[in-house]
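Enquirer:
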Amino acid sequence: MTDHSDQQPSGEKRYWLDEPRNVTKIVWALVVLCAGLFFADGFYEKHAETEAEYLFGFYAIFGFTVYVGLVLIAKWLRTFLMRPEDYYDSDD
Amino acid sequence: MIDFSPGLILILGALPVPFLRGTVRSAYMLALPLIGLAFVFSLEPGAYGQVPFLGFELTTLRVDRLANVFGIIFFAAAAISILYALKVEDTLQHVAALIYSGGAIGAVYAGDLITLFVFWEITAIASVFLIWARRTERAYRAGMRYLIIQVGSGVLLLAGALFHIAETGSVAFGNLGLGSLGTNLIFLAFGIKCAFPFLHNWLQDAYPEATVSGTVWLSAFTTKLAVYALARGYAGTEILIYIGAAMTAFPIFFAVIENDLRRVLSYSLNNQLGFMVCGIGIGTELAINGAVAHAFVHIIYKALLFMSMGAVLYRVGHVKASSLGGLYKSMPLTAGFCIVGSASISAFPLFSGFVAKSLILAAAAHEGYTITFLVLLFASAGVLDHSGIKVPFFSFFFHDSGIRVKEAPKNMLAAMGIASFLCIAIGVWPGPLYAILPYPVAFEPYTVAHVINQSQLLLFAMLAFVFLMRTGLYPPELPSVNVDFDVIYRKGLPRLVAAFARIFGPVDQAGRSAMLRLIRTIVNHVYRHHGPGGALARSVGTGSMVFWAVAMLAGYLLISLTSF
Chain A
1 MTDHSDQQPS GEKRYWLDEP RNVTKIVWAL VVLCAGLFFA DGFYEKHAET
51 EAEYLFGFYA IFGFTVYVGL VLIAKWLRTF LMRPEDYYDS DD
Chain B
1 MIDFSPGLIL ILGALPVPFL RGTVRSAYML ALPLIGLAFV FSLEPGAYGQ
51 VPFLGFELTT LRVDRLANVF GIIFFAAAAI SILYALKVED TLQHVAALIY
101 SGGAIGAVYA GDLITLFVFW EITAIASVFL IWARRTERAY RAGMRYLIIQ
151 VGSGVLLLAG ALFHIAETGS VAFGNLGLGS LGTNLIFLAF GIKCAFPFLH
201 NWLQDAYPEA TVSGTVWLSA FTTKLAVYAL ARGYAGTEIL IYIGAAMTAF
251 PIFFAVIEND LRRVLSYSLN NQLGFMVCGI GIGTELAING AVAHAFVHII
301 YKALLFMSMG AVLYRVGHVK ASSLGGLYKS MPLTAGFCIV GSASISAFPL
351 FSGFVAKSLI LAAAAHEGYT ITFLVLLFAS AGVLDHSGIK VPFFSFFFHD
401 SGIRVKEAPK NMLAAMGIAS FLCIAIGVWP GPLYAILPYP VAFEPYTVAH
451 VINQSQLLLF AMLAFVFLMR TGLYPPELPS VNVDFDVIYR KGLPRLVAAF
501 ARIFGPVDQA GRSAMLRLIR TIVNHVYRHH GPGGALARSV GTGSMVFWAV
551 AMLAGYLLIS LTSF
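Protein sequences appear in the order of chains A and B.
For the first sequence, my numbering assigns the number 1 to the initial residue and increments by one for each residue that follows.
For the second sequence, my numbering assigns the number 1 to the initial residue and increments by one for each residue that follows.
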């Protein structure tokens, strides 16, 4: 398992993104943006080709759900697919 | 008009490269694709460069709108790649890359199957040197596997072409469609090169093993040549819709858990090809336009992404997500260009992917392929994960790995800068791209609905990423490899051979021993009688011979006397 803690050399200048507080600000900005986009669905007329698209916030719900599904399924697939890095280099 | 294949500009143009040095060589190589571009723009539609061959007439230069789009983007990609690779001190790579890209362009302008085959094989053979040029054992092996599969595709193409020519009496490369043995074999040949599911692993196997600039070259030509060939020969072949949809979906699972970021991009490439294949399968004017437009923009942003990861590989020495992070501090420009590539491939509005992919999605929905449409939407969210977030996030941001390197060299930055500019320019102003597509375009990508829908899809997927990261559910990047279908021939087959040897080894051993024993017995027997001291080989002195001769004569005399 790789060490994922910050390894910034001491004495180097701190960047804006080095502050966890600022990262949280970005997250909140994204949340606000998402909320705005979700409710934007009420302000235009839909001319969709498929029925599902007429659902309020369809693309938002779809995007969130399949993304979580994809990542969790892929994570589970590691159980069967993951091998050590030198798997193909060894002759066994 | 001069009627020779534009591909020859790069193929023949490669020949003097070994004899040139320094600035002259750089200027010369950069001039080649620009001359090629000018040549392509001067071409008038029609068939030229006819050559008689075994009673058939080959058309080495067929000019039409479909060929020209690919001709333009291939020359543009060659120009960007040459700029990126300009400081590479390896003549072999330059020559191989020029011949390879020239081969792909020659194939695009081939009007018949034989010419297509010749250029098809040129791309296969020239490109492997971009992998071998890494000069490692791994690269050598991966290159060998790549070469076998690529040449195999060529052999299938030739076999299919011969069957097809025998059946129809025509060498022309036009719409083929499935149905006969010949066209089915050609379809398979194209499918290998296009990395159809189960025929795909040469891509993820070989591309990450190529050199820094080699992968940029490889990403542009081979698979898009296959997309062109499918669009030419199999437009509207329904099975391509399902093959394409499968291609968009399955590689993204692998991309999520892959650690080598150039391999992540290779899976992503495979997924992008799926969109194009799907469009070709749908086959309407809108869908074909979408597939071709997507190939066009994809070549640029995929090259851009491979260039940014190439720059990281060049400076850091590896592209393992598990031990990168925080590189934006030392490679800020590369990070910025990578983000442009990521936004383009994710198809954010105002970036090139958006104006191309929308055509394919619209065509799928319009033709009533609802499930396919939803699969493509799912895959679009998946693209956001692996190419949109994972590649830039785990290399340039996330936790600071403490790695401090120099920014990428100037020529690499220039190449990435031009590609980034094109990604944004096409995204903001798609008109010129739409104008060169095979069919007239009556499609407006920037409607309120399109922009909101796509933004919802992508931003909510980003929100899902944040949610998974903050809750610790997102799978950590681990030093590992994941087995894919190639485990069949990289591990399975060798194990099968070993098992075969284990089972039949003793039988074989016993058989050989028995046979040896038998031979030994015979030899011993022969030796006993004929060997030194054997009864039939004993040497005797001349005295005894005289004695026996006299004895025989005496016997003869005795018989003679008694018979009277």
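All residues carry an ideal CB built from backbone N, CA and C; glycine is no exception.
Give the DSSP bridge partners of B/ASN482, in chain order.
Expert: As a first step, residue 482 of chain B must be located in the second sequence, where it is residue number 482. A/MET82, per the DSSP bridge assignment.
Enquirer: Is B/PRO332 helix, strand or coil by DSSP?
Expert: Taking the second sequence and counting its residues from 1, one reaches residue 332 of chain B at position 332. B/PRO332: helix per DSSP, three-state reduction.
Enquirer: Which residue spans inside the region 247–290 of chain B form an unbroken beta strand (DSSP E) run of at least 3?
Expert: Those beta strand (DSSP E) runs which fall completely within the region 247–290 of chain B and span 3+ residues do not exist here.
Enquirer: Taking the CB atoms as reference points, tell me whether B/TYR242 and B/PHE254 lie closer together than 7 Å.
Expert: One-based indexing of the second sequence puts residue 242 of chain B at position 242. One-based indexing of the second sequence puts residue 254 of chain B at position 254. No.
Enquirer: Starting from B/THR59 and walking both ways along the alpha helix (DSSP H), at which residues does that stretch end?
Expert: As a first step, residue 59 of chain B is located in the second sequence; it is residue number 59 there, counting from the start. That residue, B/THR59, is in no alpha helix (DSSP H); its beta strand (DSSP E) goes 56–63.
Enquirer: Helix, strand or coil: how does DSSP classify B/GLY46 here?
Expert: Working through the second sequence from its first residue, we reach residue 46 of chain B at position 46. Correct three-state label for B/GLY46: strand.
Enquirer: Determine the extent of the alpha helix (DSSP H) in which B/LYS357 is found, giving its start and end residues.
Expert: Mapped onto the second sequence, residue 357 of chain B falls at position 357. Segment 352–366, the alpha helix (DSSP H) holding B/LYS357.
Enquirer: Quick check on the DSSP output: what are the complete alpha helix (DSSP H) runs of length 4 or more inside the region 403–430 of chain B, in order along the chain?
Expert: DSSP runs (the alpha helix (DSSP H)) wholly in the region 403–430 of chain B: 410–428.
Enquirer: Over the uninterrupted alpha helix (DSSP H) stretch that includes B/ARG141, give me the two end residues.
Expert: The count along the second sequence starts at 1 and reaches residue 141 of chain B at position 141. Run containing B/ARG141: 137–168, per the alpha helix (DSSP H) assignment.
Enquirer: Residues of chain A with CB under 9 Å from B/ARG528, in chain order?
Expert: If you number the second sequence from 1, residue 528 of chain B lands on position 528. Simply none; closest approach about 48 Å.
Enquirer: At a Cβ threshold of 7 Å, is A/LYS13 touching chain B?
Expert: By 1-based counting over the first sequence, the position of residue 13 of chain A is 13. No - not a single Cβ of chain B is within 7 Å of the one on A/LYS13.
Enquirer: Note down, in chain order, every chain A residue with its Cβ under 7 Å from the Cβ of B/ASN453.
Expert: As a first step, residue 453 of chain B is located in the second sequence; it is residue number 453 there, counting from the start. Going along chain A in sequence order, the residues near B/ASN453 (Cβ under 7 Å) are TYR59.
Enquirer: Please confirm if the region 466–476 of chain B is in contact with the region 375–387 of chain B, defined as three or more CB-CB distances below 8 Å between the two stretches.
Expert: The region 466–476 of chain B, when compared against the region 375–387 of chain B, does not touch it at the 8 Å Cβ threshold.
Enquirer: Out of B/SER323, B/PRO45, B/SER342 and B/GLY154, point me to the one whose CA is closest to B/PHE306's CA.
Expert: The sequence position of residue 306 of chain B within the second sequence is 306, counting from 1. When only C-alpha atoms are compared, the closest one is B/SER342.
Enquirer: Since B/ASP385 meets chain A, which of its residues come closer than 7 Å, beta carbon to beta carbon?
Expert: Position 385 of the second sequence, counted from the start, is the residue given in the question as residue 385 of chain B. Within chain A, the residues near B/ASP385 are TYR67, LEU70 and VAL71.
Enquirer: Taking B/MET462 as the query, report the chain A residues whose CB atoms sit under 7 Å from its CB, ordered along the chain.
Expert: The sequence position of residue 462 of chain B within the second sequence is 462, counting from 1. What B/MET462 touches in chain A: LEU30.
Enquirer: Pull out every residue of the region 465–483 of chain B whose Cβ sits closer than 8 Å to any Cβ of chain A, in chain order.
Expert: Answer set for the region 465–483 of chain B: PHE465, VAL466, PHE467, LEU468, ARG470, LEU473, TYR474, PRO475, PRO476, GLU477, LEU478, PRO479, SER480, VAL481, ASN482 and VAL483.
Enquirer: Quick one: any contact between the region 475–495 of chain B and the region 71–89 of chain A, if contact means 3 or more CB pairs under 8 Å?
Expert: Verdict: yes, contact present.
Enquirer: So, using beta-carbon positions, are B/PHE394 and B/GLU477 closer together than 7 Å?
Expert: Stepping through the second sequence from its first residue, residue 394 of chain B is reached at position 394. Stepping through the second sequence from its first residue, residue 477 of chain B is reached at position 477. Their beta carbons are under 7 Å apart, which means B/PHE394 touches B/GLU477 by this criterion.
Enquirer: Spatial neighbours of B/VAL212 within its chain, please: C-beta separation below 7 Å, excluding the five flanking residues on both sides.
Expert: For the purposes of this step, residue 212 of chain B is identified with residue 212 of the second sequence, where counting begins at 1. These residues qualify, in order along the chain: GLY310, LEU313 and TYR314.
Enquirer: Quick check: is the beta carbon of B/LEU457 nearer than 7 Å to any beta carbon in chain A?
Expert: Against the second sequence, residue 457 of chain B aligns to sequence position 457. Cβ-Cβ to chain A under 7 Å: yes for B/LEU457.
Enquirer: What does the alpha-carbon distance come out to for the pair B/LYS406 and B/GLY177?
Expert: Your numbering for residue 406 of chain B matches position 406 in the second sequence. Your numbering for residue 177 of chain B matches position 177 in the second sequence. Going by the C-alpha atoms only, they are around 52 Å apart.
Enquirer: Please confirm if B/ILE241 has its CB atom under 7 Å from at least one CB of chain A.
Expert: Numbered from its first residue, the second sequence carries residue 241 of chain B at position 241. Output row for B/ILE241: interface = no.
Enquirer: Can you give me the Cβ contacts of B/PHE373 inside the same chain, cut-off strictly under 7 Å, excluding the 5 residues immediately before and after it?
Expert: Within the second sequence, numbered from 1, the residue matching residue 373 of chain B stands at position 373. Hits under 7 Å: LEU361, ALA364 and ALA365.
Enquirer: Using the Cα positions of B/LEU561 and B/HIS529, report the straight-line distance between them to the nearest angstrom.
Expert: As a first step, residue 561 of chain B is located in the second sequence; it is residue number 561 there, counting from the start. As a first step, residue 529 of chain B is located in the second sequence; it is residue number 529 there, counting from the start. Answer to the nearest angstrom: the Cα atoms are 38 Å apart.
Enquirer: Tell me which residue opens and which closes the alpha helix (DSSP H) that B/LEU555 is part of.
Expert: If you number the second sequence from 1, residue 555 of chain B lands on position 555. The sequence given here places Gly at residue 555 of chain B; Leu does not occur at that position. Its alpha helix (DSSP H) spans residues 542–563.
Enquirer: Tell me whether the beta-carbon of B/ILE426 lies closer than 7 Å to the beta-carbon of B/SER330.
Expert: The residue labelled residue 426 of chain B in the question sits at position 426 within the second sequence. The residue labelled residue 330 of chain B in the question sits at position 330 within the second sequence. No, they are not a contact pair.
Enquirer: Can you tell me which of B/SER219, B/ILE288 and B/VAL277 puts its alpha carbon nearest to the alpha carbon of B/VAL128?
Expert: Position 128 of the second sequence holds residue 128 of chain B. With distances taken between Cα atoms, B/VAL128 lies closest to B/SER219.
Enquirer: Between the region 288–299 of chain B and the region 219–233 of chain B, can you find at least three pairs of beta-carbon atoms closer than 8 Å?
Expert: The region 219–233 of chain B, when compared against the region 288–299 of chain B, does touch it at the 8 Å Cβ threshold.
Enquirer: Have a look at B/PHE196 and B/ILE239 and give me their C-alpha separation to the nearest angstrom.
Expert: What you label residue 196 of chain B is simply residue 196 of the second sequence in a count that begins at 1. What you label residue 239 of chain B is simply residue 239 of the second sequence in a count that begins at 1. Spanning the two alpha carbons is a distance of roughly 12 Å.
Enquirer: Note down, in chain order, every chain A residue with its Cβ under 7 Å from the Cβ of B/LYS329.
Expert: Indexing the second sequence from 1 puts residue 329 of chain B at position 329. Ordered by position in chain A, the residues that pass the 7 Å Cβ test against B/LYS329 are TYR15.
Enquirer: Against A/LYS25, what residues of chain B qualify as contacts under a CB-to-CB distance less than 8 Å, listed in chain order?
Expert: Taking the first sequence and counting its residues from 1, the one referred to as residue 25 of chain A is at position 25. Within chain B, no residue comes near A/LYS25; the closest Cβ sits about 12 Å away, beyond 8 Å.
Enquirer: So is A/GLY63 in contact with chain B if we call contact Cβ pairs under 7 Å?
Expert: For this step, residue 63 of chain A is matched to residue 63 along the first sequence. A/GLY63 counts as touching chain B.
Enquirer: According to DSSP, is B/PRO208 part of a helix, a strand, or is it coil?
Expert: For the purposes of this step, residue 208 of chain B is identified with residue 208 of the second sequence, where counting begins at 1. Helix at B/PRO208.
Enquirer: What residues in its chain sit with their C-beta under 6 Å from that of B/LEU188, if we drop five residues either side in the sequence?
Expert: Working through the second sequence from its first residue, we reach residue 188 of chain B at position 188. The residues are LEU156.
Enquirer: Which class does B/LYS302 belong to by DSSP, given the choice of helix, strand or coil?
Expert: Position 302 of the second sequence, counted from the first residue, corresponds to residue 302 of chain B. In this structure, B/LYS302 counts as helix in the three-state DSSP scheme.
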